[in-house]
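Enquirer: Sequence lines, in order, name chains A and B.
Its first residue numbered 17, the first sequence is counted upward by one per residue in our numbering.
Its first residue numbered 108, the second sequence is counted upward by one per residue in our numbering.
This is the structure I have questions about; it appears just below.
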Amino acid sequence: DSGVTQTPKHLITATGQRVTLRCSPRSGDLSVYWYQQSLDQGLQFLIQYYNGEERAKGNILERFSAQQFPDLHSELNLSSLELGDSALYFCASSADTVGGARAFFGQGTRLTVV
Amino acid sequence: AQSVAQPEDQVNVAEGNPLTVKCTYSVSGNPYLFWYVQYPNRGLQFLLKYITGDNLVKGSYGFEAEFNKSQTSFHLKKPSALVSDSALYFCAVRDGGDKLIFGTGTRLQVFP
């Protein structure tokens with residue numbers, strides 16, 4: 017068990033809808049990362065938050081947004097969903113942003129858009 | 108920008124034989140390199156990392172990786188493969204001290 021909790025584990029929704037994925041980082045970890053894993057794109061970095069502030073942005077669509085709350089949990093909001101958004105979404109956390117700090121991954125949320 | 112490449116989509120090896128999963132990197136400055144493994148329907152699990160120091164890094168489950176600066180490689184190795192090692196393996200590099208940039212992954216298949 018990595019200590020990172022993601023909910024829900026599975027989500028099936030229709031095109032055009034909006035969903036929220038939730039992540040609780042390991043206790044004490046200030047940094048949260050979101051990744052998207054799809055068959056054709058591999059593991060893509062979406063966005064990172066550190067202690068409530070956005071730290072880095074990757075290949076995140078404008079239809080997607082995220083935030084990190086004072087209790088350090090994070091939510092990834094996906095709106096106007098398209099079939100191509102179907103993927104496994106991972107959250108990871110690390111204690112800080114020092115280069116050698118390892119990231120711990122949750123088990124992911126599998127999103128299916130129909 | 109930092110990047111890693113995994114040139115093999117799949118590696119097949121017989122149980123008991125040594126295995127190597129290849130990774131090359133492209134970084135500016137000192138590289139922070141990682142290996143993660145993903146089992147079916149699971150998240151990524153940390154195997155090992157190279158920050159500095161000894162070029163041979165030992166990790167979880169009997170895996171090790173060799174950092175080679177002249178060849179810009181960080182290959183994952185195990186002396187004797189197990190069927191249970193069959194999984195998807197990702198090499199990663201830390202970018203700008205923050206996010207991890209992953210390779211495309213290599214599927215390891217260990218045959219009995």
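Glycine residues also receive a C-beta, built at the ideal position from the N, C-alpha and C atoms.
When the Cβ atoms of the stretch 171-187 of chain B are set against those of the stretch 95-108 of chain A, are three or more pairs found closer than 8 Å?
Expert: No, the stretch 171-187 of chain B does not touch the stretch 95-108 of chain A.
Enquirer: When you compare only the Cα positions, how much space is there between B/Ile169 and B/Lys185?
Expert: As written in the sequence, residue 169 of chain B is Gly, which differs from the Ile given in the question. Going from the Cα of B/Gly169 to the Cα of B/Lys185 covers about 6 Å.
Enquirer: With a CB to CB cut of under 6 Å and the five nearest residues on each side skipped, what residues in its chain are close to B/Pro114?
Expert: Within the same chain, B/Pro114 has close Cβ partners Lys129.
Enquirer: Looking at the secondary structure, which residues open and close the beta strand (DSSP E) in which A/Gln60 lies?
Expert: Residues 58-66.
Enquirer: Helix, strand or coil: which one does DSSP assign to A/Leu99?
Expert: Three-state DSSP puts A/Leu99 in a helix.
Enquirer: Would you say A/Gly58 reaches chain B, if we count a Cβ-Cβ gap shorter than 8 Å as a contact?
Expert: Yes, because at least one Cβ of chain B sits closer than 8 Å to the Cβ of A/Gly58.
Enquirer: Does the beta carbon of B/Gly123 fall short of 7 Å from some heavy atom of the ligand FAD?
Expert: Ligands are entirely absent from the displayed structure, and the ligand FAD is therefore not among its contents.
Enquirer: Is it true that the stretch 152-167 of chain B meets the stretch 117-135 of chain B, where meeting means three or more beta-carbon pairs spaced less than 8 Å apart?
Expert: Result no; under three Cβ-Cβ pairs closer than 8 Å.
Enquirer: If the cut is a Cβ gap below 9 Å, which residues of chain B does A/Tyr49 touch?
Expert: Within 9 Å Cβ-Cβ: Asp205, Lys206, Leu207.
Enquirer: Which residues of the stretch 66-96 of chain A have a Cβ closer than 9 Å to any Cβ of chain B? Give them in chain order.
Expert: Going along the stretch 66-96 of chain A in chain order, one finds Tyr66, Arg71, Ala72, Gly74 with a Cβ nearer than 9 Å to chain B.
Enquirer: Which residue or residues does DSSP assign as beta-bridge partners of B/Tyr139?
Expert: According to DSSP, B/Tyr139 bridges with nothing at all.
Enquirer: Compare the C-alpha of B/Tyr143 against each of B/Asn137, B/Gln109, B/Thr159, B/Arg201 and name the closest.
Expert: B/Tyr143 has its Cα closest to that of B/Arg201, out of B/Asn137, B/Gln109, B/Thr159, B/Arg201.
Enquirer: Quick one: what does DSSP say B/Gly168 is sitting in, helix, strand or coil?
Expert: Looking at the sequence shown, residue 168 of chain B is not Gly but Tyr. Helix, per DSSP.
Enquirer: Taking C-beta pairs closer than 8 Å, name the residues in chain B that A/Arg118 reaches, listed in chain order.
Expert: What A/Arg118 touches in chain B: Phe141, Phe153, Lys156.
Enquirer: In the DSSP assignment, find the beta strand (DSSP E) that holds B/Phe218 and state where it starts and stops.
Expert: 213-218 is the span of the beta strand (DSSP E), which, as asked, contains B/Phe218.
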